[in-house]
Each structure stands twice: as structure tokens, then as C-alpha cells.
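Asker: At position 128 of the sequence shown (counting the first as 1) the number is 337 in our numbering, and the numbers step up by one without a gap.
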Amino acid sequence: MNSRLSCVARACGLLNPHQCGSLAGLSASDATTTLTHEVRTLQIAQRKVSTLFLDIKGGFDNVNPSSLCGMLKAKGVNPYFKVVSWTRSFLSGRTCRLLYQGSPMIFAPVSPLLFVIYMSRLHSEIPMGLTLSYVDDFGLTVSSTSYR
Numbered sequence: 210m211n212s213r214l215s216c217v218a219r220a221c222g223l224l225n226p227h228q229c230g231s232l233a234g235l236s237a238s239d240a241t242t243t244l245t246h247e248v249r250t251l252q253i254a255q256r257k258v259s260t261l262f263l264d265i266k267g268g269f270d271n272v273n274p275s276s277l278c279g280m281l282k283a284k285g286v287n288p289y290f291k292v293v294s295w296t297r298s299f300l301s302g303r304t305c306r307l308l309y310q311g312s313p314m315i316f317a318p319v320s321p322l323l324f325v326i327y328m329s330r331l332h333s334e335i336p337m338g339l340t341l342s343y344v345d346d347f348g349l350t351v352s353s354t355s356y357r
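1. For the alpha helix (DSSP H) containing residue 356, list its first residue and its last residue.
2. Quick check on this structure: which residue in 335, 330, 352, 344 has the alpha carbon closest to the alpha carbon of residue 281?
3. If you draw a straight line from the C-alpha of residue 252 to the C-alpha of residue 232, how long is it?
4. Can you say whether residue 327 is buried or exposed, counting buried as having 16 or more other CB atoms within 10 angstroms of its CB?
5. Counting along the chain, where does the beta strand (DSSP E) carrying residue 260 start and finish?
6. Note down, in chain order, each residue of its chain lying with its Cβ closer than 6 Å to the Cβ of residue 347, except the 5 sequence neighbours on either side.
7. Taking all protein chains shown into account, do 16 or more other C-beta atoms lie within 10 angstroms of the C-beta of residue 342, making it buried, or fewer, making it exposed?
8. With DSSP collapsed to three states, give me the class of residue 229.
9. What's the call for residue 228, buried or exposed, on a 16-neighbour Cβ count within 10 Å?
10. Could you give the distance in angstroms between the alpha-carbon of residue 223 and the alpha-carbon of residue 324?
11. Can you check DSSP and say which residues form a bridge with residue 347?
12. DSSP three-state label for residue 305, please.
13. Hey, could you find the ends of the alpha helix (DSSP H) residue 239 is sitting in?
14. I need the DSSP call for residue 274, collapsed to helix, strand or coil.
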């Protein structure tokens with residue numbers, strides 16, 4: 210279901226193009242490369258660049274299922290896939306556990322992909338800057354002609 214949801218999320222514009230992590234083919238290396246490229250491009254243009262890094266603590270535990278399903282409907286997720294009803298069912302008293310080397314053996318109430326979709330609205334367009342995220346970690350990069 211994760212593969213199917215990932216395809217639907219990309220097709221329906223549920224994911225920000227600067228989201229890395231929890232998506233096949235995008236990793237921490239991609240986030241680092243994107244950030245480095247953006248900073249260097251802005252510096253070449255004689256801009257002063259600052260980045261603020263944020264980590265959303267407890268985010269997985271605070272996803273509102275009704276709000277997430279509303280986002281899916283608003284973005285026009287095709288009813289054929291029954292993604293909205295599946296999501297509502299999945300978020301009803303279930304948990305999942307991430308399995309990768311070095312991962313803590315804890316359960317989360319929502320899958321990383323659903324969390325990424327839910328958090329996508331935190332991405333904002335920054336003129337001469339970038340909002341970049343890796344699951345629950347965000348980087349807000351801004352630039353100006355001066356540090357003031």
C-alpha cells in the first residue's frame with residue numbers, strides 16, 4: 210500500500226518537491242545536495258544566506274486523521290484507489306513499526322509517508338530561498354542583500 214500511496218501522492222501533488230526521506234529514491238544525500246546547491250547559487254549572486262533547522266517532536270503522534278483525509282479529498286485523490294477510506298481505516302487504532310538498521314523498535318501511530326503528506330502544507334515558497342524537509346526535520350533557507 211505504501212508504493213501505491215506514494216504514486217498517488219506524487220500524481221496528485223500531495224508532496225512538496227523539496228521533501229526527501231520516506232520516499233523511494235530520495236535520501237538524506239539528496240537533501241544535503243539540494244541545500245548545498247541552493248546556498249552556493251545564492252552566494253554566487255552576492256546574497257547573504259541563513260538556514261534555520263527545525264525538528265518536529267511528537268509529530269507522528271499528533272496527526273489529525275480527519276484533517277489528513279480532508280487534505281486527500283481536497284487534492285482530488287482518485288476515489289478508485291480508495292486511498293481516503295484506507296487512510297481513515299489505517300489511522301483508526303493501528304500502529305506501524307519502521308524496520309531499518311539502527312531503528313528504534315518502537316511503534317508509531319502513522320506511517321512516515323502519511324506523515325510527510327500531512328506535513329506538506331508546512332512547505333512555503335520563499336523568494337530567494339528554500340524550504341527543505343526530511344520527514345520531520347525542516348530547513349528554512351533565506352537570503353538577502355545583508356544579514357540585517
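Cβ atoms here follow ideal geometry from the backbone N, Cα and C, with glycine treated the same way.
Answerer: Once the coordinates are examined:
1. Position 147 of the sequence shown holds residue 356. DSSP places residue 356 in no alpha helix (DSSP H); its state is neither H nor E.
2. Within the sequence shown, numbered from 1, the residue matching residue 281 stands at position 72. In terms of CA proximity to residue 281, 330 leads the group 335, 330, 352, 344.
3. Start at 1 with the first residue of the sequence shown, and residue 252 comes out as number 43. Start at 1 with the first residue of the sequence shown, and residue 232 comes out as number 23. Rounded to the nearest angstrom, the two C-alpha atoms are 30 Å apart.
4. One-based indexing of the sequence shown puts residue 327 at position 118. Buried: at least 16 other Cβ atoms inside 10 Å.
5. Start at 1 with the first residue of the sequence shown, and residue 260 comes out as number 51. That run of the beta strand (DSSP E) goes 257-264.
6. Position 138 of the sequence shown holds residue 347. The residues are 263.
7. On the sequence shown, position 133 is the one that residue 342 refers to. It is buried - the Cβ of residue 342 has at least 16 other Cβ atoms within 10 Å.
8. Sequence index remark: in the sequence shown, residue 229 carries index 20 (1-based). Judged by DSSP in its simplified three-state form, residue 229 adopts strand.
9. In the sequence shown, counting from the first residue as 1, residue 228 sits at position 19. Result: buried.
10. On the sequence shown, position 14 is the one that residue 223 refers to. On the sequence shown, position 115 is the one that residue 324 refers to. Residue 223 and residue 324: Cα-Cα distance of roughly 11 Å.
11. The sequence position of residue 347 within the sequence shown is 138, counting from 1. In the DSSP output, where bridge partners are listed per residue, residue 347 has 263, 342.
12. On the sequence shown, residue 305 is found 96 positions in, with the first residue counted as 1. DSSP places residue 305 in strand when its eight states are reduced to three.
13. Mapped onto the sequence shown, residue 239 falls at position 30. It spans 237-253 - the alpha helix (DSSP H) in which residue 239 sits, taken as one unbroken run.
14. As a working mapping, residue 274 is identified with position 65 in the sequence shown. In the structure shown, the three-state DSSP call for residue 274 is helix.
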